[in-house]
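Here's the structure, in structure tokens; my notes come after.
Numbering (UniProt numbering), first residue to last: 1 to 288.
Next up, the structure:
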């Protein structure tokens, strides 16, 4: 058995070596990262077909990380995910069967139930994969920050907007990098080494978000990255990395997991700051 004996250890090695891998091995690495909970159920030929490589490349990938072959690497995922992967696999099969079995279009209510069920399944995965050490590091990072800059574009923008709203209940100076007028660079130009940039981005990863993280790194600021993979291009300059994968149905990904993670992050920070955060307050006759 390879020295890499757990999924977390393997994914850490893959992330460390990702930049030096060949194009084919990078494709396989991305597939492994995105399908870790179902990898032990898949045949090597199916993985090779999905990655558009030969099966021998899958074997080469496994050997690169110290395994005798694909079966030994697959056993690591089987040991880690057997218990929790079966419900997930059944859910995916149920979605496919539901669509294929219905001769007539689904009702709106049925579609809503399926999407809610997918979101609930995603929350279970978020809970099972929670990295307490990284979450604690994220809270400490925000606790020490002089300024907090937040960026999330397109699909990630609602999440960025929410965490800015929440953080404005603290005494932290919080800045939303909205890019109004295309001015991302101008909005982040004052970032410094005592500041933190919260960058939220999921595949295919916003170029604007990547640029802001690179600039923050150049200015010696810290970055709290919330993304869907350790292999995300944002991970390279992350001071703290929180990974979150969303449930999906009908080819549409929810925002449930990321929103829940950000709410939990704020609550943990508020607790550390000993804040008394009320659900509703009235300011100048306006309710929040």
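By construction, the Cβ of each residue, glycine as well, lies at the ideal position given by its N, Cα and C atoms.
- For residue 173, DSSP records a beta bridge to 147.
- By the 16-neighbour rule on beta-carbons within 10 angstroms, residue 183 is exposed.
- Straight-line spacing of the CA atoms in residue 132 and residue 261 works out to 12 Å.
- Around the C-beta of residue 195, 16 or more other C-beta atoms lie within 10 Å, and the residue is accordingly described as buried.
- When Cβ pairs closer than 8 Å are counted between the two stretches, the segment 171 to 181 is seen not to touch the segment 119 to 129, the count staying below three.
- Two segments are said to touch when three or more pairs of C-beta atoms, one from each, lie closer than 8 Å; by this definition the segment 219 to 231 touches the segment 185 to 202.
- If you draw a straight line from the Cα of residue 234 to the Cα of residue 265, it comes to about 19 Å.
- When the Cα atoms are used, residue 246 and residue 209 turn out to be separated by approximately 19 Å.
- Between residue 110 and residue 263, the alpha-carbon positions lie close to 28 Å from each other.
- For the options 143, 41 and 48, the alpha carbon positioned closest to that of residue 268 is the one of 143.
- Following the DSSP letters along the chain, one finds residue 161 in no beta strand (DSSP E) but inside the alpha helix (DSSP H) bounded by residues 157 to 167.
- The Cβ atoms of residue 200 and residue 156 sit closer than 9 Å to each other.
- Bridge partners of residue 199 according to DSSP: 151 and 225.
- In this structure residue 74 is buried. Its beta-carbon is surrounded by 16 or more other beta-carbon atoms within 10 angstroms.
- Residue 8 counts as exposed, since fewer than 16 other beta carbons sit within 10 angstroms of its beta carbon.
- Between the alpha carbons of residue 35 and residue 239 lies a gap of roughly 25 Å.
- Note on residue 16: under 16 other CB atoms within 10 angstroms of its CB, so exposed under the neighbour-count rule.
- Taking 8 Å as the upper bound for CB-CB distance, residue 24 and residue 53 are in contact here, some 5 Å apart.
- Check the Cα spacing between residue 212 and each of 149, 164, 12 and 244: the tightest is with 149.
- Taking 9 Å as the cut-off, the beta carbon of residue 224 is found no closer than this to the beta carbon of residue 33.
- Bounds of the alpha helix (DSSP H) holding residue 213 are 207 to 218.
- Membership of residue 256 in the alpha helix (DSSP H) is indicated by the continuous run 256 to 272.
- Between residue 243 and the set 237, 161 and 227, the nearest pair of CA atoms involves 227.
- Closest by C-alpha distance to residue 64, out of 22, 159, 119 and 42, is 22.
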